[in-house]
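Chemist: Under full-length UniProt numbering, the residues of the sequence shown are numbered 1 to 124, in order.
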Amino acid sequence: FRPRAPSLMMSLEESRGQITVTQSPAVKTFSVGYSVSLSCKTSSAVNIYGHRQRLAWYQQKLGDTPRLLTYFISTRNSGIPSRISGSGSGSDFTLTISVVQAEDAGDYYCQSLHYPNSVWVFTQ
Numbered sequence: 001f002r003p004r005a006p007s008l009m010m011s012l013e014e015s016r017g018q019i020t021v022t023q024s025p026a027v028k029t030f031s032v033g034y035s036v037s038l039s040c041k042t043s044s045a046v047n048i049y050g051h052r053q054r055l056a057w058y059q060q061k062l063g064d065t066p067r068l069l070t071y072f073i074s075t076r077n078s079g080i081p082s083r084i085s086g087s088g089s090g091s092d093f094t095l096t097i098s099v100v101q102a103e104d105a106g107d108y109y110c111q112s113l114h115y116p117n118s119v120w121v122f123t124q
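1) Would the segment 35-43 and the segment 59-75 be scored as touching if the rule is three or more Cβ pairs under 8 Å?
2) What is the rounded straight-line gap between the Cα of LEU95 and the Cα of ARG67?
3) Pull up the DSSP beta-bridge partners for THR96, would you.
4) Just to confirm my understanding: we take SER112, look at its own chain, exclude 5 residues before and 5 after, and list those with CB closer than 7 Å. What are they?
5) Mapping the DSSP letters down to three states, classify ASP107 as helix, strand or coil.
6) Would you report the Cα separation of GLY50 and LEU69, rounded to the nearest angstrom?
7) For SER74, I'd like the list of residues in its chain whose CB is within less than 8 Å of its CB, leaving aside the five on either flank, ordered along the chain.
8) Since SER24 and SER35 are thought to touch, with beta carbons under 8 Å apart, how far apart are those beta carbons, to the nearest angstrom?
9) Taking the C-alpha atoms as reference points, what is the distance between THR65 and GLY106?
10) Leaving aside the five residues before and after ASP92 along the sequence, list all residues of the same chain whose C-beta is less than 6 Å from its C-beta, in chain order.
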């Protein structure tokens with residue numbers, strides 16, 4: 001008999017407006033030690049600055065402020081472990097956690113910057 005690894009839960013939010021951002025799945029339950037991928041799709045391409053797209057991922061735990069995980073799609077913020085990685089291009093992005101740990105439980109958000117009709121739009 002082998003006890004099952006503790007299960008964790010993540011939730012994602014969807015925002016609507018001039019730019020639509022869809023994150024999926026809305027809720028994901030997973031086991032410690034496994035890999036998990038979270039998707040972020042925007043209705044138009046994310047703005048490019050210096051050949052890099054302005055797409056960031058955040059983790060938020062109940063009662064805490066959001067914690068920046070990655071920016072410019074794949075650049076990890078200081079102190080973020082290498083098992084957390086961002087990828088994608090255009091309007092389709094993924095956050096991958098290669099070996100899930102208990103501290104990874106929480107809400108995950110992607111944030112992007114767009115420039116439609118010569119107006120800066122931040123998704124949030």
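The beta carbon of each residue, even a glycine, is placed where N, CA and C say it ideally should be.
These numbers were taken from a predicted model, which means no experiment stands behind them.
Modeler: According to the structure shown:
1) no
2) Residue 95 sits at position 95 when you count from the first residue of the sequence shown. Residue 67 sits at position 67 when you count from the first residue of the sequence shown. Taking the straight line from one Cα to the other gives about 14 Å.
3) In the sequence shown, the residue the question calls residue 96 occupies position 96. DSSP, once it has assigned bridges, lists SER37, SER85 as partnering THR96.
4) For the purposes of this step, residue 112 is taken as the residue at position 112 of the sequence shown. If we look at SER112 and ignore the five residues flanking it on each side, its Cβ neighbours are VAL21, THR42, VAL46, ARG54, LEU55, THR123.
5) On the sequence shown, position 107 is the one that residue 107 refers to. Note: ASP107 maps to strand in three-state DSSP.
6) Counting from one through the sequence shown, the residue named residue 50 turns up at place 50. Counting from one through the sequence shown, the residue named residue 69 turns up at place 69. If you take the alpha carbons of GLY50 and LEU69, they lie about 20 Å apart.
7) Mapped onto the sequence shown, residue 74 falls at position 74. If we look at SER74 and ignore the five residues flanking it on each side, its Cβ neighbours are SER85, GLY86, SER87.
8) Within the sequence shown, residue 24 is the residue found at index 24, counting from 1. Within the sequence shown, residue 35 is the residue found at index 35, counting from 1. Rounded, the Cβ-Cβ distance is 16 Å, inconsistent with contact.
9) Looking up residue 65 in the sequence shown gives position 65. Looking up residue 106 in the sequence shown gives position 106. One C-alpha to the other measures close to 12 Å.
10) Within the sequence shown, the letter at position 92 stands for residue 92. Counting only Cβ-Cβ distances below 6 Å, and skipping sequence neighbours, we find LYS41.
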